[in-house]
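Trainee:
Numbering (UniProt numbering), first residue to last: 1 to 120.
1) According to DSSP, which residues form a beta bridge with residue 18?
2) Just how far apart, CA to CA, sit residue 142 and residue 82?
3) Can you list, in chain order, the residues of its chain with a C-beta nearer than 6 Å to that of residue 15? Leave out the 5 residues immediately preceding and following it.
4) Which residue spans inside the stretch 31–105 form an unbroken beta strand (DSSP E) run of at least 3?
5) Inspect the beta-carbon positions of residue 75 and residue 49 and report whether they are closer than 9 Å.
6) Could you check whether the stretch 18–34 touches the stretch 87–102, counting it as contact only if at least three pairs of C-beta atoms, one from each stretch, sit closer than 8 Å?
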């Protein structure tokens, strides 16, 4: 994401970057990125909260991971507002952006970036 801001051709020394994923079975999250254990723990917890192959799911045309993927995407959300300072993301020391793929075999994903600021 840092490289995207630097190479987008728009100067923005201070402002906000909105990142939006244009899909209903994936989401965006901001969380600790220093330890790979965090990603695994989050994934296991979400799978525990929203298990596959439940008899009450009706939207299952694309497989047993279909409806759980939509539920997980609703819980985490499709967008994030990120601060930009001195032309770069101003994240906390341990923070990182996660693109959370909730399908077992996810396809290509598209992000929409909107940069706002006094000089954007």
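Note that CB positions come from ideal geometry on N, CA and C, so glycine has one too.
Mentor: This is what the structure gives:
1) Start at 1 with the first residue of the chain shown, and residue 18 comes out as number 18. Paired residue(s): 81 and 114.
2) Residue 142 cannot be examined here, being either before or after the span of the chain that is shown, 1 to 120.
3) For this step, residue 15 is matched to residue 15 along the chain shown. Counting only Cβ-Cβ distances below 6 Å, and skipping sequence neighbours, we find 84, 116, 117 and 120.
4) 79–85 and 95–101
5) The residue given as residue 75 occupies position 75 in the chain shown. The residue given as residue 49 occupies position 49 in the chain shown. Against a cut-off of 9 Å, the Cβ pair of residue 49 and residue 75 comes out as a contact.
6) yes
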